[in-house]
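S.K.:
2 protein chains.
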Amino acid sequence: MIKVALDAMGGDNAPSQVVEGAVLAANESNGRYHIVLCGPEDLVRSELARVGYTGDAISVFHAPELVAMDESPTAVLKTKQNSGLVVSVGLQKKGMVQASVSAGNSGAMMAACLMILGRFGSIARPAIALNMPNHKGPCVMLDMGANVDEKPAMLVDFAHCGSVYAEAMYGIKNPRVGLLNMGEEAKKGPEVIQEVYKLLQASGLNFIGNVEGHDALAGKADVIVTGGYTGNVVLKLIEGFYELHTELFGEIDTPAGREFTKQWDYRNHGGGLLLGLNGTGIIAHGRSDALAIKNAVLVAYKLADNKVSSKIAERLGASK
Amino acid sequence: MIKVALDAMGGDNAPSQVVEGAVLAANESNGRYHIVLCGPEDLVRSELARVGYTGDAISVFHAPELVAMDESPTAVLKTKQNSGLVVSVGLQKKGMVQASVSAGNSGAMMAACLMILGRFGSIARPAIALNMPNHKGPCVMLDMGANVDEKPAMLVDFAHCGSVYAEAMYGIKNPRVGLLNMGEEAKKGPEVIQEVYKLLQASGLNFIGNVEGHDALAGKADVIVTGGYTGNVVLKLIEGFYELHTELFGEIDTPAGREFTKQWDYRNHGGGLLLGLNGTGIIAHGRSDALAIKNAVLVAYKLADNKVSSKIAERLGASK
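Going down the list, the sequences are from chains A and B. All you need for the working numbering is the position in the first sequence, starting with 1, plus 25. All you need for the working numbering is the position in the second sequence, starting with 1, plus 25.
1. Taking the CB atoms as reference points, tell me whether residue 166 of chain A and residue 149 of chain A lie closer together than 9 Å.
2. Just mark residue 117 of chain A as buried or exposed, buried being the case when its beta carbon has 16 or more other beta carbons within 10 Å.
3. Please report the distance separating the alpha-carbon of residue 37 of chain A from that of residue 53 of chain B.
4. Compute the Euclidean distance between the alpha carbons of residue 269 of chain A and residue 275 of chain B, then round it to the nearest angstrom.
5. Have a look at residue 227 of chain A and residue 135 of chain B and give me their C-alpha separation to the nearest angstrom.
6. Using only CA atoms, which one of A:327, A:333, A:322 and A:121 lies nearest to residue 128 of chain A?
7. Can you tell me which of the three DSSP states residue 166 of chain A falls into?
8. Can you find a CB in chain A that lies within less than 9 Å of the CB of residue 261 of chain B?
9. Return helix, strand or coil for residue 87 of chain A, following the three-state DSSP convention.
10. Is there contact between the region 96-112 of chain B and the region 27-34 of chain B, where contact requires at least three CB pairs shorter than 8 Å?
11. For the alpha helix (DSSP H) that contains residue 329 of chain B, what are its first and last residues?
12. Considering only residues of the same chain and omitting the five flanking positions on each side of residue 138 of chain B, which have a CB-CB separation below 6 Å?
13. Is the region 200-212 of chain A touching the region 237-244 of chain A in the sense that three or more CB pairs, one from each, lie closer than 8 Å?
14. Which two residues bound the contiguous beta strand (DSSP E) that contains residue 205 of chain B?
15. Quick check on the burial criterion: 16 or more other C-beta atoms within 10 angstroms. Buried or exposed for residue 46 of chain B?
16. Does the contact criterion of 3 or more C-beta pairs under 8 Å hold for the region 321-339 of chain B versus the region 51-68 of chain B?
17. Looking only at C-alpha atoms, which of B:308, B:210 and B:281 sits nearest to residue 349 of chain B?
18. Let me check understanding here. Comparing Cα to Cα, which of B:264, B:257 and B:35 lies closest to residue 314 of chain B?
19. Any beta carbon from chain A within less than 9 Å of residue 205 of chain B's own beta carbon?
20. Is residue 168 of chain B buried or exposed, if buried means 16 or more other CB atoms sit within 10 Å of its CB?
21. Beta-carbon within less than 8 Å of residue 40 of chain A's beta-carbon, same chain only, minus the 5 sequence neighbours each way: which residues are those?
22. Going straight from the alpha carbon of residue 178 of chain B to that of residue 261 of chain B, what length do you get?
23. Who are the Cβ neighbours of residue 282 of chain B in its own chain at under 7 Å, not counting the five residues just before and after it?
24. Under the three-state reduction of DSSP, which class applies to residue 101 of chain B: helix, strand or coil?
25. Give the single residue among A:157, A:216, A:217 and A:231 whose Cα lies nearest to the Cα of residue 189 of chain A.
26. Taking 9 Å as the threshold (C-beta atoms), are residue 249 of chain A and residue 187 of chain A in contact?
27. In whole angstroms, what is the alpha-carbon distance linking residue 173 of chain B and residue 278 of chain B?
28. For residue 63 of chain B, report the span of its beta strand (DSSP E) as first-last.
29. Can you grab the Cα-Cα spacing for the pair residue 97 of chain A / residue 90 of chain A, in whole Å?
30. Classify residue 230 of chain A as helix, strand or coil using the three-state DSSP reduction.
31. So, at 7 Å on beta carbons, what are the nonlocal neighbours of residue 44 of chain A in its own chain, with the 5 sequence-adjacent residues on each side left out?
32. Taking 7 Å as the limit between beta carbons, can you name the residues of its chain near residue 50 of chain B, skipping five residues before and five after?
33. Report the neighbours of residue 255 of chain A on chain B: residues whose CB is nearer than 8 Å to its CB, in chain order.
34. Measuring alpha carbon to alpha carbon, tell me which of B:316, B:285, B:163 and B:317 ends up nearest residue 348 of chain B.
35. Would you say residue 59 of chain A faces chain B, with C-beta separation under 9 Å as the test?
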């Protein structure tokens, strides 16, 4: 059975929404996974009592220290080793769980995963992958903000990560990989991106060439690669668009409206997936509510169950 | 009176929609501007006859050559000097018009404006500015794809261009300038962007710091600066959002729905504004219909009437 460690104190709505999310996920487990809530034991247990959870799909691991959202990642790793965030990753390193989820300080979660679990190949830091709103079929984009000023080879590694992910999680054989660019021609875009284009052509991946901003929403590629700066702008723009849409129109109660909410509400996507780690890490949204936490746990379980991390390791080992 | 040259043969729907758009604009002129349609004279006149235009706010300038959408800009400048596209810019250089608009080959329009009109200061090429969907007040973003691999000083020039534009066009005193980035802190983002941050702090502009993707839609800044690669991704993503929305929901006939269409339909924004030119150039969308052309002409008129180009020249001269 897969065990997922969950930082009980991470995020704006912790611990109440995190614990409620854990319970929602636990109720759908059917013996497939177990959740280890990492946080101050008494507090977490009282939250579990509050929501009346008495099942056996959740256990509690005492982690009394608290991490602030704006604390420096280095400081967290040094001084908060008994926080839910660091403990949730540490348990994975010890083999006691197979995945770690936090909605807390995202820089600290990234640093904890990187320093404690380690990374593969030439990947300087794992990439953050995001399931894009996908009305035409699954589409994963990366990097959404873990890295900056990437060397061309790094983006090729990201393409491999995304490709393995799309195949393992969605059963897409030989996923179509697109390079985010400002035009379709090979000679478009920054020098780094033009270099990535050439490397992708020689990568053995199913590289379909450049894709543009609108293609990210139109099902043209299964995997879309870009650098962390632009990816992060895309991520935040997608959130901003959904927020604006909700502000203007509320939830539209038609089949199309329900599908729109399902695709665009970040709570349904399980957060940022760290690919390229020697393990499984999820950075859930800082504003996560119970639904978002539940889905982050489900995605963490599926990543671990599908052995995405070790498949990426094999691929990156093989592609060198 | 302002004269605006319009490439009658530019875009997917030329000449019929271009001529119809010119007539729509002409009907709103009230003596403020005159439109010079540049294209094969007989063809343009027969289109004008078809729509029954007999007013005096439109004249025709014979430009028999045609430019294909995928022709190389260099080839167009060399071999298509009598095309509507090149002629519309050439008339401006000769002082016969004060602004030029084309929905045709955008690379060729950029090149024609750059080579024929020239540029200011350290701007290697003009920036493409876009009026963002703006539910909270006007917001202009640049560069949306004219440049790549910009040096930090270029983005500062773009910030000045955007700031002059926002003040001249919208009457915003001391416009708030934001730098598009992947976090709020000064130390976030690519090296170039961090360098731009420092330069903007010392620029005399009303620099409010970094803004993120969602801020671009939320009225946090009046001017948002980024490089051409990321800007172009944002531009296409915004188009993709609106297309998807229309596909899912059609036009929503409520006050919020009408405001949404007004803000998000690119046809209402007048196209890409070339800022940093020694003159006024507009790249309208290749798919422009009559409404889009009308608005492109109106924006061209306003840019010329407000002397945005010479105000930018003064600013960039003064800021050196």
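Beta carbons: idealized from backbone N, C-alpha and C, even for Gly.
M.R.: If we stick to the structure as given:
1. Their beta carbons are not under 9 Å apart, which means residue 166 of chain A does not touch residue 149 of chain A by this criterion.
2. Buried, by the Cβ-count rule.
3. Each residue's alpha carbon lies about 52 Å from the other.
4. For residue 269 of chain A and residue 275 of chain B, the distance between alpha carbons rounds to 17 Å.
5. The alpha-carbon of residue 227 of chain A is positioned some 33 Å away from that of residue 135 of chain B.
6. The residue from A:327, A:333, A:322 and A:121 with its alpha-carbon nearest to that of residue 128 of chain A is A:322.
7. When DSSP states are grouped into helix, strand and coil, residue 166 of chain A belongs to the strand group.
8. The Cβ of residue 261 of chain B sits closer than 9 Å to at least one Cβ of chain A.
9. Strand, per DSSP.
10. Contact holds: three or more Cβ-Cβ distances are below 8 Å.
11. Where residue 329 of chain B is concerned, the enclosing alpha helix (DSSP H) stretches over 315-330.
12. 114, 299, 302 and 306.
13. Output reads yes: the region 200-212 of chain A touches the region 237-244 of chain A.
14. From DSSP, the beta strand (DSSP E) with residue 205 of chain B extends over 201-205.
15. Classified as buried, residue 46 of chain B has 16 or more neighbouring CB atoms from the shown chains inside 10 Å of its CB.
16. Result yes; three or more Cβ-Cβ pairs closer than 8 Å.
17. One cannot answer for residue 349 of chain B here, as it falls past the ends of chain B, which runs 26 to 345.
18. Nearest of B:264, B:257 and B:35 to residue 314 of chain B, Cα basis: B:35.
19. Closer than 9 Å: yes.
20. With 16 or more other Cβ atoms within 10 Å, it is buried.
21. Contacts found: 33, 34, 64, 68, 69 and 72.
22. For residue 178 of chain B and residue 261 of chain B, the gap between their C-alpha atoms comes out near 25 Å.
23. Cβ neighbours of residue 282 of chain B beyond the five flanking positions: 276.
24. Three-state result, residue 101 of chain B: helix.
25. Sorting A:157, A:216, A:217 and A:231 by C-alpha distance to the C-alpha of residue 189 of chain A places A:231 at the top.
26. Their beta carbons are under 9 Å apart, which means residue 187 of chain A touches residue 249 of chain A by this criterion.
27. Taking the straight line joining both Cα atoms gives about 40 Å.
28. Boundaries of the beta strand (DSSP E) harbouring residue 63 of chain B: 58-64, taken from the DSSP string.
29. Roughly 15 Å between the two C-alpha positions.
30. In the structure shown, residue 230 of chain A sits in coil (DSSP, three-state: anything other than H, G, I, E or B).
31. 33, 62, 69, 72, 73 and 76.
32. Within the same chain, residue 50 of chain B has close Cβ partners 60, 319, 322 and 323.
33. Within chain B, the residues near residue 255 of chain A are 254, 255 and 258.
34. Because residue 348 of chain B is not part of the residues shown, which for chain B are 26 to 345, the question remains open.
35. No, residue 59 of chain A lies away from the interface with chain B (no Cβ there is under 9 Å from its Cβ).
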